[in-house]
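Student: Sharing a structure below in structure tokens format, with a few things to ask.
There are 2 protein chains.
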Amino acid sequence: MKDNKHEQKRITSRSEDFSEWYQDIVDVAELAEHSPVRGSMTIKPYGYAIWENIVKVLDTKFRETGVENAYFPLFIPEKFLKKESQHVKGFSPQVAVVTHAGGKKLDEPLVVRPTSETIIYEAYSRWIESYRDLPVLINQWANVVRWELRPRLFLRTTEFLWQEGHTAHKTEQEAEEKTKQMLGVYKDFSENFLAIPVIGGLKTESEKFAGALRTYSIEGIMQDGKALQMGTSHNLGQNFSKPFKIKFLDEDNKIKYVWQTSWGLSTRVIGALIMAHSDDKGLVLPPKISPFKVVIIPVLSGNSDNNNVLSKADELAVKISKELGVEVKVDKRDETLGEKHYHWEKKGAPLRIEVGPKEIETGKLAVIRRDIGDKLTISEDVISSEISKLLDDIQSSLYKKAVEFRDKNTKEVDTWKEFKKEVEKGFVLAHWCGDADIERKINEETGATIRCIPFNQKKEEGKCVYSGKKSEGRVLFAKSY
Amino acid sequence: MKDNKHEQKRITSRSEDFSEWYQDIVDVAELAEHSPVRGSMTIKPYGYAIWENIVKVLDTKFRETGVENAYFPLFIPEKFLKKESQHVKGFSPQVAVVTHAGGKKLDEPLVVRPTSETIIYEAYSRWIESYRDLPVLINQWANVVRWELRPRLFLRTTEFLWQEGHTAHKTEQEAEEKTKQMLGVYKDFSENFLAIPVIGGLKTESEKFAGALRTYSIEGIMQDGKALQMGTSHNLGQNFSKPFKIKFLDEDNKIKYVWQTSWGLSTRVIGALIMAHSDDKGLVLPPKISPFKVVIIPVLSGNSDNNNVLSKADELAVKISKELGVEVKVDKRDETLGEKHYHWEKKGAPLRIEVGPKEIETGKLAVIRRDIGDKLTISEDVISSEISKLLDDIQSSLYKKAVEFRDKNTKEVDTWKEFKKEVEKGFVLAHWCGDADIERKINEETGATIRCIPFNQKKEEGKCVYSGKKSEGRVLFAKSY
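Chains as they are written, first to last, in my numbering: chain A, 18 to 498; chain B, 18 to 498.
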């Protein structure tokens with residue numbers, strides 16, 4: 018679906034207006050659009066293809082840890098949501114409520130799931146009886162709804178797609194290990210597939226999931242220095258198993274409550290993908306997550322060579338796709354050469370190959386890298402192996418560049434003056450006394466929040482950057498999406 | 018998740034009570050269960066794994082026809098639904114309505130999608146401008162909600178999972194071809210993967226999709242003689258493009274309305290899978306759609322052989338899975354041999370292999386076919402190739418058996434007396450005058466409907482089985498799910 022208005026659209030530069038630039042990238046790369054229902058989005062085919070790749074990779078990783086998929090209902094009886102007091106407090110302001118159905122007013126309103134702990138744990142309370150039924154390791158891929166007043170495509174939308182894993186265990190220790198294991202899966206995915214380095218750690222009490230004992234998150238840095246939470250993993254303790262009565266008969270013949278975890282990652286990581294790597298020319302995608310790794314652009318003239326060129330392009334596409342097992346697209350649209358390059362540059366295809374009469378004659382192909390714009394000449398007989406190396410190099414270069422950016426924009430800060438200045442620009446590692454009131458005051462004065470208490474926090478005595486009170490280590494502060 | 022109550026449960030026989038039998042199979046095979054929200058279902062891991070296989074196969078087939086996936090919003094503004102008069106009339110009684118969200122009453126109620134024509138076509142009206150944008154070939158995998166007062170797991174549930182394809186074309190002919198092509202995809206899928214033979218044809222005016230010009234369907238026969246509609250494909254004509262103003266500038270420089278199709282297949286085919294093949298012992302699954310093709314059951318005793326046996330079972334699983342590219346499961350649960358056989362018999366695993374000390378010693382393995390219960394002895398060195406043949410044979414045997422059943426239970430009938438008798442038992446091919454009133458009267462008197470006017474309807478002059486008026490061919494009558 019070509020949209021002429023988009024093809025011509027100028028992209029706002031990042032330095033001009035980061036937020037406009039983001040919207041322009043989503044637009045020109047044809048990833049998504051706002052729907053007529055305020056806050057909802059339509060994910061267009063190219064954006065959805067990125068999500069499908071994310072799903073494929075993560076789903077495989079989950080299965081390797083023993084997780085199975087299932088599907089639970091969209092609608093949750095209001096009374097279920099109310100069973101865990103913190104949970105209902107956290108989610109009530111955000112829910113959409115079905116009050117009428119089948120032409121009648123319902124006796125009890127139904128909540129459209131904002132997350133599925135309550136509906137899933139009601140089932141677990143019936144499914145789990147004995148220690149032999151444990152652990153339960155289930156994930157679901159689903160849409161969820163949280164009402165948004167200030168929607169932003171992928172980042173904050175009323176409806177979004179995600180996965181939510183829900184596990185139940187015999188012991189507290191097993192649940193804690195699972196919580197961290199799944200955060201590790203997210204970290205590995207984020208760094209090795211999305212090419213986004215992340216800092217993992219514990220959320221503070223004020224920032225944890227409504228109903229959790231502890232929440233862990235991974236935090237990525239965007240090109241404007243803000244943090245984006247890429248995924249969260251919650252140790253729920255027995256906070257849900259008690260109100261939902263999820264009990265089991267243990268080997269010692271005692272009835273016990275299970276220990277639980279839940280963990281989720283959503284379409285908002287596509288927003289991270291955009292903001293971590295893209296440039297003023299358009300989207301930049303890490304090869305491992307790009308819908309097409311290579312786009313072949315036939316150089317067509319008005320003459321009889323065209324059939325030759327097109328069949329050569331097809332032949333090359335089949336060859337590369339077969340030898341490397343990657344997705345290759347031939348752009349046969351009735352457009353100019355320039356327009357096609359421009360089109361795939363905006364869409365972030367990692368590599369473009371030009372094939373024309375000259376290339377056929379010489380056996381040398383022009384290959385263009387999207388990330389750094391290099392134009393290379395590669396002999397046709399080594400094309401697959403060279404493409405393979407280039408894709409690896411793009412993947413690792415993007416990651417390396419993102420790590421450098423993160424390191425350059427992460428500052429250890431010890432004074433409040435410095436804090437206020439640096440937190441406008443990036444990540445800040447500063448001492449905090451552990452007091453939630455101070456955390457709130459820092460947020461009110463700077464807009465920054467504690468993203469997490471990093472796992473690798475070094476033991477270092479210090480003074481809270483705001484209160485001056487004693488602190489035992491630095492925590493990660495940033496403004497965030 | 019073992020559920021002791023289920024393990025012990027007796028399965029009602031088909032002859033005793035077909036409907037109870039169906040419910041028992043869903044239950045003992047651990048496919049799904051009713052959720053606390055009336056009409057909704059929870060799809061359990063084993064049932065969901067079947068759906069995942071269905072998705073995988075169909076999604077590949079769709080892509081081969083040029084279709085891309087996308088995702089459109091769950092919520093539809095009520096006014097969109099009202100734009101096509103037949104459409105709103107058909108779906109209004111079934112919709113669930115969100116009236117409150119984010120703690121406030123909404124200005125305009127939102128309908129939870131019962132199907133997505135209206136929300137998708139609003140987007141198409143903005144996306145499509147020129148003949149160069151056509152055809153648009155988009156599919157979405159999604160959940161939809163249609164309020165159900167008499168829910169049955171998989172067959173009729175308030176929420177279900179499905180795919181809905183939505184295409185837009187330049188010409189009426191192209192749309193008609195696409196409508197039939199996608200029905201062909203469903204037929205191929207149903208016959209070659211689900212092993213369910215179907216009769217394809219045109220729906221009558223009274224039975225067509227609300228808003229369609231013409232609806233085509235494929236109809237399968239269940240073991241109780243009732244029909245189940247396995248998939249439908251609609252030629253929407255310009256019924257939606259006109260109210261939604263989906264226009265394009267054609268090559269002849271004229272503004273025209275697009276021609277559209279939509280087509281869908283849902284989790285209800287899992288109901289068909291159960292009712293077409295299963296028996297009084299449990300589920301029977303065609304290998305191509307079974308989550309596990311082979312289950313290896315280690316024969317464990319109390320002694321030291323156990324480690325040997327388990328590692329042999331693993332080795333065999335890796336070997337078969339690698340050589341044939343199929344899913345193999347080793348059942349290592351702490352259960353008796355008998356219980357494990359019983360478990361996988363109920364779950365319909367196509368083949369079970371026993372591995373114990375005796376098998377290791379002799380190199381001969383006991384292989385049990387789920388479909389006909391045969392116990393074979395197969396030498397270990399040819400196990401993969403023999404398993405491969407057996408899986409093919411089970412797949413084709415199930416299909417053949419289903420074809421024979423269908424043929425045996427399809428009667429050409431010419432008198433009303435005969436009609437009433439035969440339609441209680443199976444498919445009836447009878448003459449019908451084409452009058453919708455007569456169609457309604459036949460339904461009122463027998464409960465049967467016209468399932469479709471078959472594509473391969475032979476030209477045959479006759480008299481309507483009810484009115485005695487002239488008819489030009491036989492149509493397919495049956496009671497249905």
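For every residue, glycine included, the Cβ atom is placed at its ideal position computed from N, Cα and C.
What are the start and end residues of the alpha helix (DSSP H) that includes VAL54 (chain A)?
Tutor: One-based indexing of the first sequence puts residue 54 (chain A) at position 37. It is not in any alpha helix (DSSP H) - VAL54 (chain A) carries neither H nor E in the DSSP assignment.
Student: Can you give me the start and stop residues for the alpha helix (DSSP H) that GLN103 (chain B) sits inside?
Tutor: Numbered from its first residue, the second sequence carries residue 103 (chain B) at position 86. Going by DSSP, GLN103 (chain B) is part of the alpha helix (DSSP H) stretching over 102-108.
Student: Check whether the stretch 79-92 of chain B and the stretch 81-88 of chain A are in contact - that is, three or more C-beta pairs closer than 8 angstroms.
Tutor: no
Student: Buried or exposed: where does ASP124 (chain A) fall if 16 or more other Cβ atoms within 10 Å of its Cβ makes it buried?
Tutor: Working through the first sequence from its first residue, we reach residue 124 (chain A) at position 107. It is exposed - the Cβ of ASP124 (chain A) has fewer than 16 other Cβ atoms within 10 Å.
Student: With DSSP as the reference, label ASP431 (chain A) as helix, strand or coil.
Tutor: Mapped onto the first sequence, residue 431 (chain A) falls at position 414. Coil at ASP431 (chain A), not helix or strand.
Student: Establish whether the CB of GLN277 (chain A) and some CB of chain B are separated by less than 9 angstroms.
Tutor: For the purposes of this step, residue 277 (chain A) is taken as the residue at position 260 of the first sequence. No, no contact with chain B.
Student: Leaving out five residues on either side along the sequence, give the residues of the same chain with a beta carbon under 8 angstroms from the beta carbon of ASP205 (chain A).
Tutor: Position 188 of the first sequence, counting from 1, holds the residue named residue 205 (chain A). Only residues of its own chain outside the window of five on either side were considered, and among them LYS78 have a CB closer than 8 angstroms to the CB of ASP205 (chain A), listed in chain order.
Student: Among all the DSSP beta bridges, which residues are the ones paired with GLN157 (chain B)?
Tutor: Against the second sequence, residue 157 (chain B) aligns to sequence position 140. B:GLU181, per the DSSP bridge assignment.
Student: Judging by CA-CA distance, which residue of A:SER405, A:ALA159 and A:SER30 is the nearest neighbour of VAL311 (chain A)?
Tutor: Taking the first residue of the first sequence as 1, we reach residue 311 (chain A) at position 294. Comparing Cα positions, the closest option is A:SER405.
Student: Which ranges would you report for the beta strand (DSSP E) in the stretch 196-284 of chain B if only whole runs of at least 3 residues count?
Tutor: 215-219, 231-238, 244-254, 264-266, 272-274 and 276-283
Student: Can you look up ASP76 (chain A) in the DSSP assignment and give me helix, strand or coil?
Tutor: To locate residue 76 (chain A), count along the first sequence from 1; it is residue 59. Helix, per DSSP.
Student: Applying the criterion that 16 or more other CB atoms from any shown protein chain within 10 Å of the CB defines a buried residue, is ALA453 (chain A) buried or exposed?
Tutor: Here residue 453 (chain A) refers to the residue found at position 436 of the first sequence. Its Cβ having fewer than 16 others within 10 Å, ALA453 (chain A) is exposed.
Student: Check the Cβ of ILE60 (chain B) against every Cβ in chain A and list those closer than 7 angstroms, keeping chain order.
Tutor: Counting from 1 along the second sequence, the entry for residue 60 (chain B) is found at position 43. Under the 7 angstroms cutoff, chain A gives ALA87 and TYR88.
Student: If you measure beta-carbon to beta-carbon, which residues of the stretch 95-115 of chain B are closer than 9 angstroms to chain E?
Tutor: Of the protein chains in this structure, namely A and B, none is chain E.
Student: If you run the structure through DSSP and keep just helix, strand and coil, what is LYS438 (chain B)?
Tutor: Sequence index remark: in the second sequence, residue 438 (chain B) carries index 421 (1-based). In the structure shown, LYS438 (chain B) sits in a helix (DSSP, three-state: H, G or I).
Student: Here's a check: name, in chain order, each residue in its chain whose Cβ is nearer than 8 angstroms to the Cβ of ILE145 (chain A), leaving out the five neighbours to either side.
Tutor: Along the first sequence, one-based indexing puts residue 145 (chain A) at 128. Cβ neighbours of ILE145 (chain A) beyond the five flanking positions: LEU151, VAL153, ALA185, ILE263, LYS264, PHE265 and VAL275.
Student: Of all Cβ atoms in chain A, is any one closer than 9 angstroms to the Cβ of LEU230 (chain B)?
Tutor: For the purposes of this step, residue 230 (chain B) is taken as the residue at position 213 of the second sequence. Not one chain A Cβ lies under 9 angstroms of LEU230 (chain B).
Student: Taking the alpha-carbon positions, what's the VAL301 (chain B) to LEU211 (chain A) distance?
Tutor: Residue mapping note: residue 301 (chain B) aligns to position 284 of the second sequence, counting from 1. Residue mapping note: residue 211 (chain A) aligns to position 194 of the first sequence, counting from 1. So the alpha carbons of these two residues sit roughly 42 angstroms apart.
Student: Kindly indicate the opening and closing residues of the alpha helix (DSSP H) around ASP41 (chain A).
Tutor: Within the first sequence, numbered from 1, the residue matching residue 41 (chain A) stands at position 24. That run of the alpha helix (DSSP H) goes 35-45.
Student: Might you give, ordered along the chain, the residues of its own chain that have their beta carbon closer than 6 angstroms to the beta carbon of ILE377 (chain B), omitting 5 neighbours on each side?
Tutor: On the second sequence, position 360 is the one that residue 377 (chain B) refers to. The answer, listed in chain order, is LYS329.
Student: Using C-beta distances below 7 angstroms, list every residue in its chain close to LEU253 (chain B), excluding the 5 sequence neighbours before and after it, in chain order.
Tutor: What you label residue 253 (chain B) is simply residue 236 of the second sequence in a count that begins at 1. Answer for LEU253 (chain B): GLY228, ALA229, LEU230, GLN277, THR278 and SER279, listed in chain order.
Student: Quick check on PRO168 (chain B) - is its C-beta less than 9 angstroms from some C-beta in chain A?
Tutor: Along the second sequence, one-based indexing puts residue 168 (chain B) at 151. Not closer than 9 angstroms to any Cβ of chain A, the Cβ of PRO168 (chain B) fails to qualify, so no.
Student: Counting only Cβ pairs nearer than 8 angstroms, list the residues of chain A close to GLU69 (chain B).
Tutor: The residue you call residue 69 (chain B) lines up with position 52 of the second sequence. Under the 8 angstroms cutoff, chain A gives ASN86.
Student: With burial defined as no fewer than 16 other Cβ atoms inside 10 Å of the residue's Cβ, what is the status of PRO110 (chain B): buried or exposed?
Tutor: If you number the second sequence from 1, residue 110 (chain B) lands on position 93. With fewer than 16 Cβ atoms within 10 Å of its Cβ, PRO110 (chain B) is classed as exposed.
Student: Can you tell me whether ILE497 (chain A) is helix, strand or coil according to DSSP?
Tutor: Your numbering for residue 497 (chain A) matches position 480 in the first sequence. Sequence inspection shows Ser at residue 497 (chain A); the Ile mentioned does not correspond to that position. In this structure, SER497 (chain A) counts as strand in the three-state DSSP scheme.
Student: If you drop the 5 nearest sequence neighbours on each side, which residues of the same chain put their C-beta closer than 7 angstroms to that of LYS225 (chain A)?
Tutor: Sequence index remark: in the first sequence, residue 225 (chain A) carries index 208 (1-based). Excluding positions up to five away in sequence, the list reads ARG231 and THR232.
Student: Suppose contacts are defined by Cβ-Cβ distances below 9 angstroms. Is TYR203 (chain A) in contact with LEU290 (chain A) by that definition?
Tutor: Along the first sequence, read from residue 1 onward, the residue named residue 203 (chain A) stands at position 186. Along the first sequence, read from residue 1 onward, the residue named residue 290 (chain A) stands at position 273. Contact: no.
Student: Flag HIS251 (chain B) as yes if its beta-carbon sits less than 9 angstroms from any beta-carbon of chain A, otherwise no.
Tutor: The residue you call residue 251 (chain B) lines up with position 234 of the second sequence. False, the Cβ-Cβ gap to chain A never drops below 9 angstroms.
Student: Hey, does ALA140 (chain A) have any beta-carbon neighbour from chain B nearer than 9 angstroms?
Tutor: Position 123 of the first sequence holds residue 140 (chain A). ALA140 (chain A) counts as touching chain B.
Student: Keeping to the same chain, check which residues put their C-beta closer than 8 angstroms to that of GLN474 (chain B); ignore five residues upstream and five downstream.
Tutor: Locating residue 474 (chain B) in the second sequence gives position 457, where the first residue counts as 1. GLY218, GLY490, ARG491 and VAL492, listed in sequence order.
Student: Quick check: GLN190 (chain B) and SER497 (chain B), are their CB atoms within less than 9 angstroms of each other?
Tutor: Reading the second sequence from its first residue, position 173 is the one you call residue 190 (chain B). Reading the second sequence from its first residue, position 480 is the one you call residue 497 (chain B). No, these two residues do not count as a Cβ contact at 9 angstroms.
Student: Which residues mark the beginning and the end of the alpha helix (DSSP H) in which ALA140 (chain A) is found?
Tutor: What you label residue 140 (chain A) is simply residue 123 of the first sequence in a count that begins at 1. That run of the alpha helix (DSSP H) goes 134-144.
Student: Given this structure, state the Cα-to-Cα distance separating ARG130 (chain A) from MET199 (chain A), to the nearest angstrom.
Tutor: Sequence index remark: in the first sequence, residue 130 (chain A) carries index 113 (1-based). Sequence index remark: in the first sequence, residue 199 (chain A) carries index 182 (1-based). Distance between the alpha carbons of ARG130 (chain A) and MET199 (chain A) is about 22 angstroms.
Student: Comparing the C-beta of LYS26 (chain A) with each C-beta of chain B, is any distance below 9 angstroms?
Tutor: Taking the first sequence and counting its residues from 1, one reaches residue 26 (chain A) at position 9. Answer no: the Cβ-Cβ gap between LYS26 (chain A) and chain B never drops below 9 angstroms.
Student: Could you pull out every unbroken alpha helix (DSSP H) segment of at least 4 residues lying fully inside the stretch 322-390 of chain B, listed in chain order?
Tutor: Counting only runs of 4 or more, we get 322-341, 354-363 and 374-379.
Student: Would you please verify whether the beta carbon of LYS19 (chain B) is less than 9 angstroms from any beta carbon of chain A?
Tutor: Indexing the second sequence from 1 puts residue 19 (chain B) at position 2. Residue placement at LYS19 (chain B) is poorly supported in this model, since its pLDDT is 47, which falls under 50; the coordinates still yield a value, given next. It does: the Cβ of LYS19 (chain B) has a partner Cβ on chain A nearer than 9 angstroms.
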